[in-house]
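A.B. asks: My questions all concern the structure below.
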Amino acid sequence: QVLLVESGGGLVQAGGSLSVSCAASGRTPIGYVMAWFRQAPGKEREFVAAISWSGDITYADSVKGRFTISRDNAKKMMYLQMNNLKPEDTAVYYCAAKTNTALIYNYWGQGTQVTVST
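The opening residue of the sequence shown carries number 5 in our numbering; numbering runs sequentially from there.
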């Protein structure tokens with residue numbers, strides 16, 4: 005069993021910065037992929053960014069150039085640095101993980117709220 009716990013988040017004005025973290029524990033799969041998703045009120049959950057064990061990174065177009073994903077494999081931690089935040093970035097941000105051969109993310113955190121005010 006893998007446990008993912010997000011931390012960070014909060015309230016920030018538009019144009020500001022915020023970071024969120026994800027701590028993994030338990031029997032983490034070898035070479036697991038980690039990712040951030042988000043879900044805004046009334047909308048479906050959407051992909052934000054993903055990072056492989058070796059550091060290959062993918063971003064959603066909406067966050068490219070503003071968000072930076074990173075991970076520390078030794079600490080089982082993943083981070084998301086969010087800069088130049090916009091009101092449309094307001095959402096619950098979820099940490100997710102999967103093995104590198106899985107088609108879907110099968111481990112999820114509880115989420116952390118990020119609110120960007122105008």
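Where is the CB? At the ideal position from N, CA and C, for every residue including glycine.
Comparing C-alpha positions only, which one of Pro-45, Cys-26, Ala-53 and Ala-78 sits nearest to Val-67?
C.D. replies: When only C-alpha atoms are compared, the closest one is Ala-53.
A.B. asks: Measure how close the beta-carbons of Gly-30 and Val-6 come, nearest whole angstrom, since I'm counting them as under 8 Å.
C.D. replies: Yes, they are in contact, since the Cβ atoms of Gly-30 and Val-6 sit about 5 Å apart, within 8 Å.
A.B. asks: Look at the Cβ atom of Ala-18, then the Cβ atom of Thr-116, and state whether they are nearer than 8 Å.
C.D. replies: Contact: no.
A.B. asks: How is the beta strand (DSSP E) around Ser-121 delimited, first residue to last?
C.D. replies: Segment 116-121, the beta strand (DSSP E) holding Ser-121.
A.B. asks: Do you know how far the Cα of Gly-113 is from the Cα of Glu-50?
C.D. replies: Each residue's alpha carbon lies about 15 Å from the other.
A.B. asks: Under a three-way DSSP split, which group does Asp-76 fall into?
C.D. replies: DSSP places Asp-76 in strand when its eight states are reduced to three.
A.B. asks: Using the DSSP secondary-structure output, state which residues sit across from Trp-57 in a beta bridge.
C.D. replies: None; Trp-57 has no bridge partner.
A.B. asks: Measure the beta-carbon distance from Tyr-98 to Val-118 and round it to whole angstroms, keeping in mind my assumption that it falls under 8 Å.
C.D. replies: In fact, because the Cβ distance is near 11 Å, the residues do not count as touching under 8 Å.
A.B. asks: Is the beta carbon of Thr-94 closer than 8 Å to that of Ala-44?
C.D. replies: For Ala-44 and Thr-94, yes; Cβs fall inside 8 Å.
A.B. asks: With a threshold of 16 other CB atoms inside 10 Å of the CB of Lys-102, please say whether the residue is buried or exposed.
C.D. replies: Buried: at least 16 other Cβ atoms inside 10 Å.
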